[in-house]
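Read the structure below first, then the notes.
Chains as they are written, first to last, in this note's numbering: chain A, 9 to 270; chain B, 9 to 270.
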């Protein structure tokens with residue numbers, strides 16, 4: 009049985025501590041959840057969460073996003089493979105694909121006999137609109153006691169994802185999102201120190217930034233050590249990740265689907 | 009006097025109605041606020057909101073974003089002009105610029121003697137990471153009774169914004185964000201109907217989508233009529249907006265700053 013929307017809230021997950029209100033407590037308890045119980049999510053719950061999420065700001069109200077819910081089990085199994093053997097994509101009670109959407113805009117332009125001018129601005133707006141919506145959706149779900157997991161691995165093999173889902177032009181799949189009742193409570197990864205993220209008026213000097221990163225490396229090294237990865241820290245892991253270009257097909261794929269990156 | 013973090017929460021803004029929990033109520037009460045009282049925001053409040061926002065998911069924890077708070081009044085006045093004479097940019101008690109940030113990644117790569125490979129993937133990750141953070145920040149602020157306004161107009165004249173703020177390479181300003189105590193309570197713009205946004209397994213046919221848009225046009229026409237714009241609807245306004253390309257300098261600007269859009 010799905011708990012009704014009214015029954016639970018952020019406060020049941022994280023006690024309100026240190027003078028923090030329930031929303032801040034909800035934001036601060038976020039973890040990536042990859043293991044879920046078998047309990048299904050009711051359609052009513054998902055629809056309420058999506059409708060709450062739609063209240064996110066949107067550039068000039070263009071609402072340049074859409075959300076595919078993948079229910080078909082064959083497609084889910086194939087998507088799990090395409091996303092890099094991420095079993096939660098198949099097993100999560102709900103799996104969404106968050107997309108930029110300029111298709112509606114193209115359709116109404118055609119209907120009005122107008123040109124539709126795609127450029128980097130419209131592509132960027134679609135990624136921003138989609139992500140403001142997606143983060144609202146995550147919080148709407150988490151406030152109901154559910155866990156979530158963004159799936160950037162959706163971009164590993166987009167042309168195959170596209171064929172599998174028979175996506176039309178002008179729809180840009182950005183990432184997946186798993187949701188369900190958590191069957192794990194992983195520890196939280198520490199974030200960059202505030203002075204490495206929030207600046208007054210000017211971006212800091214390289215020297216100051218590297219000092220902040222050095223402090224964070226110590227914190228992250230502790231975290232990885234506790235999780236059986238001694239000698240690992242944020243700088244080492246992150247710089248290794250960016251050594252070689254990844255997902256090199258993205259520009260060609262999105263342009264093939266109607267994006268203009270100029 | 010700033011209310012302390014504990015004193016208020018979402019529930020004081022929107023009564024919990026129709027079985028909706030406080031988080032859903034907070035999401036659903038969102039409005040763009042452009043008029044603010046003179047009451048300042050305490051640093052403690054802003055820092056707590058940014059720290060809560062940093063808990064947003066980040067692709068492989070790369071945290072490819074940063075947040076500039078613009079305090080200098082001369083810069084605020086100039087930014088208001090550059091954003092299209094948006095006076096709230098100058099007058100809001102707080103004004104932030106939300107940026108993609110690959111500079112930290114470039115710095116740690118140099119420090120480790122590694123290559124840093126920018127491509128469309130890293131640019132897209134920066135826009136997604138920045139926007140998940142920004143939406144968390146908006147909700148953290150709104151939960152304290154504050155109002156916010158995203159400023160996409162920041163992209164109108166980015167090279168001048170860049171010079172004004174002396175931004176380094178590898179930092180990509182995406183949009184601004186005003187915050188303060190609301191001095192207005194505007195009506196909410198209706199959003200697209202759920203069946204135009206959430207789909208099961210397949211993107212809908214053009215015919216089905218156009219039916220949904222037609223229904224939405226009626227709703228939006230009512231909204232605009234009530235606000236003194238009879239004859240205006242979503243399709244008309246949105247298709248007019250996209251007729252000609254806007255902000256055509258974006259690709260050149262971001263590439264000049266170190267982005268690779270290929």
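Yeah, the Cβ is synthetic: ideal placement off N, Cα and C, and Gly gets one too.
One thing to note: residue 229(A) has its Cβ no nearer than 7 Å to the Cβ of residue 201(A). Pairing residue 66(A) with residue 37(B), the inter-Cα distance amounts to about 15 Å.
In the same chain as residue 192(A), and ignoring 5 residues on each side of it, the C-beta atoms closer than 6 Å to its own belong to 43, in chain order. Bridge partners of residue 107(B) according to DSSP: 74(B), 181(B). In the DSSP assignment, residue 41(B) falls outside any beta strand (DSSP E), carrying neither H nor E. Interface criterion met: the Cβ of residue 250(B) is under 7 Å from a Cβ in chain A.
The Cβ of residue 211(A) sits closer than 7 Å to at least one Cβ of chain B. Positions of the beta strand (DSSP E) runs, each at least 3 residues long and wholly inside the region 138–164 of chain A, are given as 155–159 in order along the chain.
Within the region 199–232 of chain A, the residues whose Cβ lies closer than 8 Å to some Cβ of chain B are 199, 200, 202, 204, 205, 206, 207, 208, 209, 210, 211, 214, 217, 218, 221, listed in chain order. Close CB contacts of residue 182(B) within its chain, under the 7 Å cut and outside five residues either way in sequence, are with 106, 107, 108, 135, 138 (chain order).
Residue 121(B) carries a coil assignment under DSSP once its states are collapsed to helix, strand and coil. Considering only 132(B), 125(B), 47(B), the residue with the shortest C-alpha distance to residue 101(B) is 47(B). In this structure, residue 120(B) and residue 81(A) do not form a Cβ contact; the two beta carbons are roughly 44 Å apart against a cut-off of 8 Å. DSSP, reduced to helix, strand and coil, places residue 203(A) within a helical segment of the structure shown. Residue 104(B) is not a Cβ neighbour of residue 267(B), given a cutoff of 7 Å. Under the 7 Å criterion on CB atoms, residue 235(B) is classed as non-interfacial with respect to chain A. Residue-level contact by beta carbon holds for residue 259(A) and chain B, with a gap shorter than 7 Å. Only 54, 55, 56, 57, 58, 59 from the region 44–59 of chain A bring a Cβ to less than 9 Å from some Cβ of chain B. Taking 7 Å as the threshold, the shortest C-beta distance from residue 78(B) to chain A falls below it. Around residue 74(B), the same chain offers 107, 109 as residues with beta carbons nearer than 6 Å, after the five sequence neighbours per side are excluded. Taking all protein chains shown into account, residue 29(B) has 16 or more neighbouring C-beta atoms within 10 Å of its C-beta and is therefore buried.
Contact of residue 127(A) with chain B by beta-carbon distance below 7 Å involves 253, 256. Counting C-beta pairs closer than 8 Å gives fewer than three between the region 206–216 of chain A and the region 146–163 of chain A, which falls short of the contact rule. Chain order gives the chain B residues near residue 176(A) as 211, where near means a beta carbon separation below 7 Å. Less than 7 Å separates the beta-carbon of residue 232(A) from that of residue 240(A). Residues of chain B whose Cβ lies closer than 9 Å to the Cβ of residue 244(A) are, in chain order, 116, 120. Taking 8 Å as the Cβ-Cβ cut-off, the region 158–191 of chain A approaches chain B at 158, 160, 163, 173, 174, 175, 176, 179, 182, 183, given in chain order. For residue 134(A), not one C-beta of chain B is nearer than 7 Å to its own C-beta. For residue 71(A), the chain B residues whose Cβ falls inside 8 Å of its Cβ are 199, 200, 205, in order along the chain.
Between the beta-carbon of residue 68(A) and that of residue 252(B) there is about 14 Å, and that puts the pair past the 8 Å contact cut. For residue 123(A), the nearest beta carbon of chain B is closer than 7 Å to its own beta carbon.
Cβ-Cβ distances below 7 Å link residue 95(B) to 88 in the same chain, with the five nearest sequence neighbours on each side left out; the list follows chain order.
At a cut-off of 7 Å, the C-beta of residue 62(A) has a neighbouring C-beta in chain B. Identification of residues in the region 29–41 of chain A having a C-beta nearer than 7 Å to some C-beta of chain B yields 29, 30, 31, 32, 34, 35, 36, 38, 40, given in sequence order. Each of 258(A), 195(A), 205(A), 61(A) was checked against the Cα of residue 141(B), and the nearest Cα belongs to 205(A). In terms of beta-carbon proximity, residue 264(B) stays away from the interface with chain A, with every pair separated by 7 Å or more.
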